[in-house]
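Taking the working numbering, the leading residue of the sequence shown gets 142, the next gets one more, and so forth. Every residue gets a Cβ at the ideal spot worked out from N, C-alpha and C, and that includes glycine. Predicted model, so just to flag it, every value in this text is computed and none were measured.
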Amino acid sequence: MPFESEIRRALAELERSGLLRNPPPISGPQGPEVSIDGRPILCLCSNNYLGLANHPAIAAAVQASLRIDGVGSAASRLITGTMDAHREAEAAFADFLGTPAAALFSTGYAANLGTVQAVVGPGDVIFSDALNHASLIDGCRLSRARVQVFSHRSADHLESLLRQHRHAAKRALIITDSLFSMDGDIAPLKELAGLARSFDAGLLVDEAHALGVFGPEGRGLAAAEGVEPDLIVGTLGKSFGVAGAFVAGSEEAVALIRNRARSFVYSTAPPPMLARAAIAALELVRNANGARRVLLGHADALRSGLRQLGFDVPPGSSQILPVLIGGNERTMRLSAQLLDRGVFVQGIRPPTVAEGTARLRLTAMATHRPEQIAFAIKAFASLDEAEIGDLR
Ligand SMILES: *Cc1c(COP(=O)(O)O)cnc(C)c1O
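Laid out in structure tokens, this is it:
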């Protein structure tokens, strides 16, 4: 069977290049510790930054929703799927971000895929940061607009691309993550917003990792810097501890997205319980200033502890810290050694990151205890010298 043998060949190729992914199954809920093969393991690779994934108030909102709304949403939002819960969640998130409107999606992936394709198309041009999330890249592809990739966080490179390519296109859209998911560094949002104004381009900012962590009430990095992008994408599966996403912007932009985003139009609406869970999570996120401080304090402690051990941890101030390793197999061996020592840190390999920059990616949680952070640093200190000697 040629098809089956081709599939086997592709899998074997992944395995040969150290790229076969085989994540461990987690039993029980997501928390600062998770259960793997019956062992309690310190989890340092979750995006559940505020520890809300297992919060009783959110679980109670889901239970209440089951009584009020039932389970399913029955159809696309454009058929019979627009329910009270969806409208209330959209109003709550528009209010949170201070935009006139917002549209709810089932996932951040779907939100990015649909949003980019809804607002630009053939004849338009997109300017996209080199390290943007895969869902934004896929949205660019689906849009069939021309794509110009600017060097990571380089407003200068963006400006020169705008000078070269803006005039030939009808519409232009600048796209960036605010807090980059695999590097933990931050986009120069003010400069990007200035360039968007000067060159008559829209600005789409993906706040997936920043929302809930930065800005007043956790409203994200754009809010923290006083920048007002045309479109903000926020996801609900990370700090909010739920699942789903929204796109916030003007009434007109959101109306266009509701009409044209293929992942919105041609997909069953998210279950109403997800919308109600998001509303409950929003209340918790707004009031989580203390948790935000603890979270960033833990990240700083990890960053300085690992630096003192000699690891290559780039400067940063967010809850995401990459420990650069380089090789794929070596990264995964180190991840396995850490798991043996009771610490779950995921290795990140190409194509998620560039070839030769495989890394361990650590994320702190507000619900970690200081002893757990110290335990993690000890685990790194005890890694096999043969494996890490030349890294330091
Ligand atoms: C996680 C993530 C997404 C996708 O969101 P999901 O809700 O997980 O599908 C989009 N953009 C960025 C930057 C992300 O980190």
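Nearest-angstrom Cα separation, counted from residue j out to residue i
i    : j    : result
I518 : A342 : 45 angstroms
F237 : A432 : 18 angstroms
I327 : L299 : 16 angstroms
G356 : A365 : 4 angstroms
R157 : R482 : 26 angstroms
P331 : F268 : The question names Pro, but residue 331 is Lys in the sequence shown. Whole-angstrom Cα-Cα distance: 16 angstroms.
E154 : V260 : 38 angstroms
S214 : L207 : 12 angstroms
A515 : G385 : 33 angstroms
T105 : S319 : Any answer about residue 105 is impossible in this case: the structure gives the chain only from 142 up to 533.
G382 : M142 : 44 angstroms
V257 : L277 : 7 angstroms
R307 : F321 : 25 angstroms
I182 : A402 : 40 angstroms
T409 : S445 : 46 angstroms
L377 : Q204 : 18 angstroms
D453 : I199 : 38 angstroms
R399 : G264 : 22 angstroms
I529 : L152 : 29 angstroms
S301 : D441 : 35 angstroms
Residue closest to residue i, alpha-carbon to alpha-carbon, out of the options
i    : options                : result
G262 : L302, R533, A310       : A310
G325 : E348, I315, S523, R304 : E348
R304 : R162, D270, V395, S339 : S339
L161 : H293, E470, A522, V266 : E470
L362 : H293, E229, S458       : S458
G249 : F387, E369, V406, S408 : F387
H439 : E145, L336, E147, L191 : L191
E526 : P491, V486, Q478, L503 : Q478
P164 : S476, D225, M323, L397 : S476
G367 : A334, Q204, P491       : A334
L219 : I529, V406, V486, A429 : V406
A429 : P456, G222, L254, H196 : H196
D225 : T240, I209, F234, A216 : I209
F234 : V395, L152, G264       : V395
S404 : G468, A296, S247       : S247
Rounded Cβ spacing between residue i and residue j (contact assumed at less than 8 angstroms)
i    : j    : result
H274 : L245 : Between L245 and H274 the Cβ distance is about 19 angstroms, and since that is not below 8 angstroms, they are no contact.
E271 : V290 : The sequence shown places Ala at residue 271, not Glu. Confirmed, Cβ separation roughly 5 angstroms.
S243 : A389 : In the sequence on display, residue 243 carries Ala and not Ser. 4 angstroms between Cβ atoms; contact.
V212 : P412 : 6 angstroms
G488 : M473 : 5 angstroms
K379 : G353 : 7 angstroms
I316 : L345 : 5 angstroms
A422 : L254 : About 23 angstroms separates the two Cβ atoms, so there is no contact after all.
I420 : E229 : 6 angstroms
P241 : E369 : So it is not a contact: roughly 12 angstroms between Cβ atoms.
L397 : L443 : 42 angstroms between Cβ atoms; not a contact.
F521 : L437 : The pair is not a contact, with the Cβ atoms about 20 angstroms apart (cut-off 8 angstroms).
Contact with chain D by residue i, beta-carbon distance below 8 angstroms
i    : result
P492 : Any reference to chain D falls outside this structure, which holds one protein chain only.
Measuring CB atoms only, is the segment 366 to 373 touching the segment 183 to 203, in the sense that at least three cross pairs come out at less than 8 angstroms?
Contact fails: fewer than three Cβ-Cβ distances are below 8 angstroms.
Whether or not the segment 275 to 295 and the segment 410 to 420 are in contact is what I'm after, with contact meaning three or more pairs of Cβ atoms, one per stretch, closer than 8 angstroms; do they touch?
A contact between stretches requires three or more CB pairs, one per stretch, nearer than 8 angstroms, and the segment 410 to 420 fails this requirement with the segment 275 to 295.
Would the segment 461 to 470 and the segment 497 to 509 be scored as touching if the rule is three or more Cβ pairs under 8 angstroms?
Touching, per the Cβ criterion.
Lining residues of ligand 1 - beta-carbon closer than 6 angstroms to any non-hydrogen atom, in sequence order
Output, sorted by chain position: T248, G249, Y250, N253, H274, S276, D318, S322, D347, A349, H350, T376, G378, A386.
So, does the segment 505 to 515 touch the segment 167 to 184, judging by three or more C-beta pairs under 8 angstroms?
Below 8 angstroms, enough C-beta pairs join the segment 505 to 515 and the segment 167 to 184 to call them touching: three or more.
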